[in-house]
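Following: one structure in structure tokens, then a few remarks.
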């Protein structure tokens, strides 16, 4: 299937690893030029090199997405390199796990900057360029926690819902020129899952890492965690002409784990 994004330009935040990287890979595989970013310069360079053989060009820009100024610099770099921006994919690193009594006020504010304000600042900086595009799109990578809470992930449970409110509002405010959607990933085999499994082992919930990873599949009808590229392919589809009537949607990519409709 030709997604019709060959030659387009996409920005993918927090994309030196995990689901952001998988999304950048899927877009570049379809011929889009992709600007990736991350805070770790070495890992960013490794990712840029690892994606260099794909159909689209990939460049890395060292960026802290909790800084409005650095996000503005990221967008400026994309425009300077490729002449505009057609697609924005907002991703973010994981926030600290824990229950309500485990977390500090600083961690609450940090989670809001990481998950919500990073998306706000990216859209603010990219909006004029998306409006100039023939088919501007925004896709926000969030989590299934916006539908059903997960124990000991209260920051994700609470704060990520702000991104969904943003997506639904922007899908009306920016239409018809820009389509805005969200994907809700469940468990995928990323560094974030490794971190959570290791934390569960340290708490004594599981004896081994393998046992902890297997536990993530217990409530997934497909009986496995996802491959990150499976999420990336959905992101690429939502950016494409093939999804031209999809707007304001929140698409679970979770193997059927969510029980809510």
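In the numbering used here, the protein residues as written are 1 to 261.
Glycine included, C-beta positions come from ideal geometry on N, C-alpha and C.
Rounded to the nearest whole angstrom, the C-alpha separation of residue 77 and residue 180 is 23 Å. With contacts defined by Cβ atoms closer than 8 Å, residue 26 and residue 58 do not form a contacting pair. Assignment of residue 74 by DSSP, reduced to helix, strand and coil, places it in the helix class.
Residue 107 and residue 223 have their C-alpha atoms roughly 33 Å apart. Under the three-state reduction of DSSP, residue 129 is assigned to helix.
In the DSSP annotation of this structure, the continuous segment of the alpha helix (DSSP H) that includes residue 228 starts and ends at 228-239.
Linking residue 6 to residue 208 through their CA atoms gives a straight-line distance of about 44 Å. With contacts defined by Cβ atoms closer than 8 Å, residue 126 and residue 183 do not form a contacting pair.
With a minimum length of 3 residues, the unbroken runs of beta strand (DSSP E) contained wholly in the segment 115-183 fall at 136-141.
The beta carbons of residue 33 and residue 82 sit closer together than 8 Å.
Between the C-alpha atoms of residue 30 and residue 54 there is a straight-line separation of about 8 Å.
With at least 16 other beta carbons inside 10 angstroms of its own, residue 228 counts as buried. If you draw a straight line from the Cα of residue 205 to the Cα of residue 245, it comes to about 44 Å. In the three-state reduction of the DSSP assignment, residue 30 falls in the coil class. DSSP lists 38 as the beta-bridge partner residues of residue 62.
In this structure, the CA atom of residue 132 is about 18 Å from the CA atom of residue 74. If you compare the alpha carbons of 86, 235, 52 and 189 with that of residue 129, the shortest gap goes to 86. Boundaries of the alpha helix (DSSP H) around residue 201: 191-203. Using a Cβ-Cβ distance cut-off of 8 Å, the segment 97-117 and the segment 32-46 are not in contact, since fewer than three pairs of beta carbons, one from each stretch, lie closer than that value. Judged by DSSP secondary structure, residue 10 falls within the beta strand (DSSP E) whose first and last residues are 9-12. In this chain, residue 246 is not harboured by any beta strand (DSSP E), its DSSP state being neither H nor E. Annotated three-state conformation of residue 47 is helix, per DSSP.
Annotation: the continuous beta strand (DSSP E) that includes residue 89 extends over 87-90. In the structure shown, residue 253 falls within a strand segment according to DSSP collapsed to helix, strand and coil. According to the DSSP assignment, residue 213 belongs to the alpha helix (DSSP H) that extends over 209-215. Using a C-beta cut-off of 8 Å, the segment 191-198 makes no contact with the segment 232-239, since fewer than three inter-stretch Cβ pairs fall below that distance. Distance from the CA of residue 173 to the CA of residue 163, rounded to the nearest whole angstrom, comes to 15 Å.
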